[in-house]
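See below for the structure under consideration.
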Amino acid sequence: MTAVTPDRVPAIASRRKTMKDGGVKPIGKPVWLLSPGVLWLLIFGLAPLAFMLMMSFWTSTIFGTKPDFSLDNYARVLVTELYRDQLFKTLRIAFMTTAMTVVISYPVAYLLSRLQGMQKALFVLMMFLPFWTSYVIRAFVWLPILGRNGAINNALQALGITDAPIDWLLFNEGAVFLGLVYVYTLFMTLPIYLSLEKIDPALVEAATDLGARPAAVFRRVILPLSWPGVLSGCIMVFLLSISAFVTPQLLGGPSGIMYGNVIASQFLANNNWAFGSALSITLVGIVLLLLLISSRWIGVQHVFTGGRNS
Amino acid sequence: MTDPVSDVSTPPTVAPAPEMATGNAAVEIRDVSKWFGEVTALDNVSFEIGRGEFFSLLGPSGCGKTTLLRMIGGFETPSEGQILIDGVDTAGAPPYARSTNMIFQHLALFPHMSVHDNVAFGLKMKRIEDNIVEQKVHQALELVRLEGYGGRKIDQLSGGQKQRVAMARALINDPSVLLLDEPLGALDLQLRLQMQDELRRLHKSLGNTFIFVTHDQGEAMAMSDRIAVMDQGHILQIGTPEDIYEAPRTRFVADFVGHTNVFDGRVSQIDDNGECLVVCGGLTFRCIAPTGLAVEQPVSIAVRFEDVTLDGTLGSADGTGCSATVTEKMYLGGMFRFETRTAEGVALTSDVTNSDAARLVAEGDTVNLAWRPTNVSVLLE
Numbered sequence: 225m226t227a228v229t230p231d232r233v234p235a236i237a238s239r240r241k242t243m244k245d246g247g248v249k250p251i252g253k254p255v256w257l258l259s260p261g262v263l264w265l266l267i268f269g270l271a272p273l274a275f276m277l278m279m280s281f282w283t284s285t286i287f288g289t290k291p292d293f294s295l296d297n298y299a300r301v302l303v304t305e306l307y308r309d310q311l312f313k314t315l316r317i318a319f320m321t322t323a324m325t326v327v328i329s330y331p332v333a334y335l336l337s338r339l340q341g342m343q344k345a346l347f348v349l350m351m352f353l354p355f356w357t358s359y360v361i362r363a364f365v366w367l368p369i370l371g372r373n374g375a376i377n378n379a380l381q382a383l384g385i386t387d388a389p390i391d392w393l394l395f396n397e398g399a400v401f402l403g404l405v406y407v408y409t410l411f412m413t414l415p416i417y418l419s420l421e422k423i424d425p426a427l428v429e430a431a432t433d434l435g436a437r438p439a440a441v442f443r444r445v446i447l448p449l450s451w452p453g454v455l456s457g458c459i460m461v462f463l464l465s466i467s468a469f470v471t472p473q474l475l476g477g478p479s480g481i482m483y484g485n486v487i488a489s490q491f492l493a494n495n496n497w498a499f500g501s502a503l504s505i506t507l508v509g510i511v512l513l514l515l516l517i518s519s520r521w522i523g524v525q526h527v528f529t530g531g532r533n534s
Numbered sequence: 198m199t200d201p202v203s204d205v206s207t208p209p210t211v212a213p214a215p216e217m218a219t220g221n222a223a224v225e226i227r228d229v230s231k232w233f234g235e236v237t238a239l240d241n242v243s244f245e246i247g248r249g250e251f252f253s254l255l256g257p258s259g260c261g262k263t264t265l266l267r268m269i270g271g272f273e274t275p276s277e278g279q280i281l282i283d284g285v286d287t288a289g290a291p292p293y294a295r296s297t298n299m300i301f302q303h304l305a306l307f308p309h310m311s312v313h314d315n316v317a318f319g320l321k322m323k324r325i326e327d328n329i330v331e332q333k334v335h336q337a338l339e340l341v342r343l344e345g346y347g348g349r350k351i352d353q354l355s356g357g358q359k360q361r362v363a364m365a366r367a368l369i370n371d372p373s374v375l376l377l378d379e380p381l382g383a384l385d386l387q388l389r390l391q392m393q394d395e396l397r398r399l400h401k402s403l404g405n406t407f408i409f410v411t412h413d414q415g416e417a418m419a420m421s422d423r424i425a426v427m428d429q430g431h432i433l434q435i436g437t438p439e440d441i442y443e444a445p446r447t448r449f450v451a452d453f454v455g456h457t458n459v460f461d462g463r464v465s466q467i468d469d470n471g472e473c474l475v476v477c478g479g480l481t482f483r484c485i486a487p488t489g490l491a492v493e494q495p496v497s498i499a500v501r502f503e504d505v506t507l508d509g510t511l512g513s514a515d516g517t518g519c520s521a522t523v524t525e526k527m528y529l530g531g532m533f534r535f536e537t538r539t540a541e542g543v544a545l546t547s548d549v550t551n552s553d554a555a556r557l558v559a560e561g562d563t564v565n566l567a568w569r570p571t572n573v574s575v576l577l578e
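As structure tokens, this is what we get:
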């Protein structure tokens, strides 16, 4: 503010002048500062996806993958009953997993948001502790629990409830469901907990003051204000479980495999990269479609804008 | 501190509404104490608030005024004692079952609802018919001069508009007692004065009982029918703004309300005409003696800045004036503030209306200060 020209006609011109005279250097809009992030996204995010999209129109033979254009892969994805069934099954498991994690996580997150001081720290630690171990181990740990000679069967037999080990505990859709819920619950609890934690306690008091009983306070104030947390948790868990690979591989057996395993087998076992790409792109497309539909319906945009403003 | 609330029986000075002829109080506080662990927030407080009164709880932060308000609203339970609203003991009644409504310090408007839904909330909770709700919301918004703002989101409102929504949201329920927890604290001065007017206007037109918590003595003075001055969990004095301002009973009240010279001294003489002389650090003050005063009794005296004048024609011999040197002169717009030091070494401050005579006085000048015995309060505690 040192050099104030008496005849500062356009405000911008005078400001520029001030900056030149003073110590502040004009930096314009430093868009280039975004470049590391943008480059990262381009190279490791968009480029592989674009490449996969391209390859999904190619054809793979035992001699290798040929870059020509054909829709055969997509025709096979959509027409073959096996792949269609796998897709629906995977969607079903992902939906169920998401719903189940909400049911489990909301009360836990609510309890957590009520606790104070040391108790809270302890509970948060207890919740996080299992997640410091590897994802694979957390899925793997169900084998010695659910297996023929696992903890549950041993306990049942020791207690005399069953004579022989139960087989249906493991290697089926139910085991996959259980594993996914266990592995991904934290991704639901955390955003719900954070959104509950953000609610001003005075809002709850205000609702009570205005005649709302506890149930009405929950329905009219707490639930709507924690809804963005629930939605972001849902999106995260749904995306993670629809593309699950390790959990169904370990716990699923032949009947419990999911779309991720089908895709992986095209790349790893069948060496059919083109078809694997088409399967992947189909999944990406379906996920996008679901997000789009739900955004019209439950305000998913709030999740990405991080709150109340639309 | 044996009897800090001796005038609990003082009737409210509001123009008596017809229904308060029976003298039943809107709120009755009976021997209420509150402890948070080892800390005493309120220590055996008793008083009544009349129906239709604008009553302020005034005190510094931590004096227990908010705790008391929250107990009336049902957000805290008294550790001891009773709180009666409309003659009914409120023990165990949760906030949703009380005929009180609160305007919160930070308003606590629901951010996920429109202005309309915020205001309608209380009626919806009472399952009032939709068309009546609509009508009442319209009236409430009209009352706070926010017609046509129903569809707005809360974060699209200015500070003053949010205040009005909070008022409408509480008043639409026609509470028998409206509790206000320093709701104007966050506003700038201009808006604050505007909102004070607004609250006065609403109180006058609606006639509900208002209980207003504040640490701003000016705010309490401007709006209240009666004020309770609180400190450290005690009520020191209850009275009209005039009472509190003109006749503070304790040193704390004198200090807290308005700008006051306060001195410790002892009584040197009690005259037959009801006046007495109090000597404070060599300076003598003539004051009206309260009943039961004894010679040689240690007391404090208080003289407001504006009650010390510069036109000292009266001598210092009879305790109604003295000569002093101006150590500092401050311009305060409508008046000057002179900080002076008397020959005895006592620091006295005087507020003088802006006049030609006052303008001519400069720092370092010797002036004659004067005061009236009726303006000097004797404080026994």
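Residue numbers (our numbering), protein chains in the order written: chain R, 225 to 534; chain E, 198 to 578.
Every residue, glycine too, gets a C-beta built ideally from N, C-alpha and C.
Inset, instruction - Could you pull out every residue in the same chain whose Cβ sits closer than 8 Å to the Cβ of E/Leu566, ignoring the five residues on either side in sequence? - result: Position 369 of the second sequence, counting from 1, holds the residue named residue 566 of chain E. Only Val505, Thr506, Leu507, Gly509, Gly518, Cys519, Ser520, Ala521, Thr537, Thr539, Leu545, Ser547 meet the Cβ criterion.
Inset, instruction - May I ask you to report which of helix, strand or coil DSSP gives R/Cys458? - result: Your numbering for residue 458 of chain R matches position 234 in the first sequence. The answer is helix: DSSP assigns R/Cys458 an H, G or I state.
Inset, instruction - Sort R/Leu515, R/Ile505, R/Ser519 by Cα distance to R/Tyr298 and report the nearest one. - result: Residue 298 of chain R sits at position 74 when you count from the first residue of the first sequence. For R/Tyr298, the nearest C-alpha among the options comes from R/Ile505.
Inset, instruction - Identify every residue that forms a DSSP beta bridge with E/Asp378. - result: Residue 378 of chain E sits at position 181 when you count from the first residue of the second sequence. E/Asp378 is bridged to E/Val410.
Inset, instruction - Kindly list the residues whose CB is nearer than 7 Å to the CB of E/Ser311, restricted to its own chain and excluding five residues on each side of it in sequence; keep chain order. - result: Locating residue 311 of chain E in the second sequence gives position 114, counting from the first residue. So the qualifying residues of the chain are Gly347, Gly348, Arg349, Lys350.
Inset, instruction - Quick one: list the residues of chain R neighbouring E/Met299, beta-carbon separation under 8 Å, in chain order. - result: Within the second sequence, numbered from 1, the residue matching residue 299 of chain E stands at position 102. Those are Glu429, Ala430, Asp433, listed as they occur along chain R.
Legend entry - 7 Å Cβ cutoff met for E/Phe407 and E/Phe251: Stepping through the second sequence from its first residue, residue 407 of chain E is reached at position 210. Stepping through the second sequence from its first residue, residue 251 of chain E is reached at position 54. Yes, these two residues count as a Cβ contact at 7 Å.
Inset, instruction - Count the other C-beta atoms from every protein chain shown that fall within 10 angstroms of the C-beta of E/Arg446, then say buried if there are 16 or more, exposed otherwise. - result: Reading the second sequence from its first residue, position 249 is the one you call residue 446 of chain E. Buried, by the Cβ-count rule.
Legend entry - Residue-level contact to chain R via CB, E/Lys333, 7 Å cutoff: Position 136 of the second sequence, counting from 1, holds the residue named residue 333 of chain E. Closer than 7 Å: no.
Inset, instruction - Classify R/Tyr408 as helix, strand or coil using the three-state DSSP reduction. - result: As a first step, residue 408 of chain R must be located in the first sequence, where it is residue number 184. Helix at R/Tyr408.
Legend entry - Contact list for R/Pro448 against chain E, beta-carbon separation under 7 Å: What you label residue 448 of chain R is simply residue 224 of the first sequence in a count that begins at 1. Those are His309, listed as they occur along chain E.
Legend entry - C-beta neighbour in chain E for R/Leu507, strict 7 Å: Taking the first sequence and counting its residues from 1, one reaches residue 507 of chain R at position 283. Judged by the 7 Å Cβ criterion, R/Leu507 is not in contact with chain E.
Inset, instruction - Return helix, strand or coil for E/Gln494, following the three-state DSSP convention. - result: Reading the second sequence from its first residue, position 297 is the one you call residue 494 of chain E. Here E/Gln494 sits in coil by DSSP.
Inset, instruction - Take every Cβ of the segment 331-344 of chain E, pair it with every Cβ of the segment 372-380 of chain E, and state whether three or more of those distances are shorter than 8 Å. - result: no
Inset, instruction - Determine which residues share a DSSP beta bridge with E/Val229 and list them. - result: In the second sequence, residue 229 of chain E corresponds to position 32, counting from 1. Answer by DSSP bridge pairing, in chain order: E/Val242.
Inset, instruction - Would you mind telling me which residues of chain R sit closer than 8 Å to E/Leu409, beta carbon to beta carbon, in chain order? - result: Along the second sequence, one-based indexing puts residue 409 of chain E at 212. One point to set straight first is that residue 409 of chain E is Phe, not Leu, in the sequence displayed. In chain order: nothing, as chain R lies at least about 16 Å away.
Inset, instruction - Could you give the DSSP three-state label for E/Ser547: helix, strand or coil? - result: The residue given as residue 547 of chain E occupies position 350 in the second sequence. If DSSP states are grouped into helix, strand and coil, E/Ser547 belongs with the strands.
Inset, instruction - May I ask you to list, following chain order, the residues of the segment 320-331 of chain E that have a beta carbon less than 7 Å from some beta carbon of chain R? - result: Met322, Lys323
Inset, instruction - Please find out if some non-hydrogen atom of the ligand MN comes closer than 6 Å to the beta-carbon of R/Arg362. - result: This structure lacks the ligand MN, and indeed carries no ligand of any kind.
Legend entry - Straight-line gap, R/Lys313 to R/Ser465 (C-alpha atoms, nearest Å): In the first sequence, residue 313 of chain R corresponds to position 89, counting from 1. In the first sequence, residue 465 of chain R corresponds to position 241, counting from 1. Approximately 12 Å between the Cα atoms of the pair.
Legend entry - Same chain, Cβ closer than 6 Å to E/Ala218, five either side skipped, listed in chain order: Locating residue 218 of chain E in the second sequence gives position 21, where the first residue counts as 1. Any reading at E/Ala218 needs caution, since the residue's pLDDT is 38, under 50, leaving its predicted position unreliable; the model's value is listed next. Closer than 6 Å at the Cβ level, and outside the excluded window around E/Ala218, lies no residue.
Inset, instruction - Determine the extent of the beta strand (DSSP E) in which E/Thr297 is found, giving its start and end residues. - result: Start at 1 with the first residue of the second sequence, and residue 297 of chain E comes out as number 100. Note, E/Thr297: beta strand (DSSP E), 297-300.
Inset, instruction - Under the assumption that E/Phe535 contacts E/Val558 (Cβ atoms under 8 Å), give the Cβ distance between them as a whole number of angstroms. - result: In the second sequence, residue 535 of chain E corresponds to position 338, counting from 1. In the second sequence, residue 558 of chain E corresponds to position 361, counting from 1. So it is a contact: roughly 7 Å between Cβ atoms.
Legend entry - Beta carbon proximity, E/Pro380 to chain R, threshold 7 Å: Along the second sequence, read from residue 1 onward, the residue named residue 380 of chain E stands at position 183. By this cut-off, E/Pro380 is not an interface position.
Inset, instruction - Enumerate in chain order the residues of its own chain whose CB-to-CB distance from E/Phe272 is below 7 Å, with the five nearest sequence positions on each side excluded. - result: In the second sequence, the residue the question calls residue 272 of chain E occupies position 75. Around E/Phe272: Pro292.
Inset, instruction - Sort out for me which residues DSSP pairs E/Gly247 with in a bridge. - result: Taking the second sequence and counting its residues from 1, one reaches residue 247 of chain E at position 50. In the DSSP output, where bridge partners are listed per residue, E/Gly247 has E/Ala222.
Legend entry - Beta-carbon proximity list for E/Glu541, same chain, < 8 Å, skipping 5 on both sides: Residue 541 of chain E sits at position 344 when you count from the first residue of the second sequence. Correct list, in chain order: Gly478, Gly479, Leu480, Cys519.
Inset, instruction - State whether the segment 474-483 of chain R contacts the segment 309-326 of chain R, with contact taken as three or more CB pairs (one from each stretch) at a distance under 8 Å. - result: yes
Inset, instruction - Taking E/Gln393 and E/Ala363 to be in contact with their CB atoms under 8 Å, please state how far apart those CB atoms are, rounded to whole angstroms. - result: Looking up residue 393 of chain E in the second sequence gives position 196. Looking up residue 363 of chain E in the second sequence gives position 166. At roughly 15 Å, the Cβ-Cβ gap does not stay under 8 Å, so E/Gln393 and E/Ala363 are not in contact.
Legend entry - R/Gln340 (DSSP reduced to helix, strand or coil): Here residue 340 of chain R is taken as the residue at index 116 of the first sequence, counted from 1. Coil, per DSSP.
Inset, instruction - Would you check if the segment 456-464 of chain R and the segment 407-415 of chain R touch, i.e. whether three or more CB-CB distances between them fall below 8 Å? - result: yes
Inset, instruction - Just tell me which of R/Phe347, R/Ala468, R/Ala431, R/Ser419 has its CA closest to the CA of R/Val405. - result: If you number the first sequence from 1, residue 405 of chain R lands on position 181. Considering only alpha carbons, the answer is R/Ala468.
Legend entry - C-beta neighbour in chain E for R/Ser518, strict 7 Å: What you label residue 518 of chain R is simply residue 294 of the first sequence in a count that begins at 1. R/Ser518 does not count as touching chain E.
Legend entry - Span of the beta strand (DSSP E), counted from its first residue to its last, around E/Tyr346: As a position in the second sequence, residue 346 of chain E is number 149, starting the count at 1. Neither: E/Tyr346 is in no beta strand (DSSP E) and is coded neither H nor E.
Inset, instruction - Kindly say whether E/Gln293, judged by its beta-carbon, lies nearer than 7 Å to any beta-carbon of chain R. - result: Looking up residue 293 of chain E in the second sequence gives position 96. Here residue 293 of chain E is Tyr; the residue named in the question, Gln, does not match the sequence. Yes, because at least one Cβ of chain R sits closer than 7 Å to the Cβ of E/Tyr293.
Inset, instruction - With 7 Å as the limit, tell me which residues of the segment 260-274 of chain E have their beta carbon closer than that to any beta carbon of chain R; keep them in chain order. - result: Gly270, Phe272
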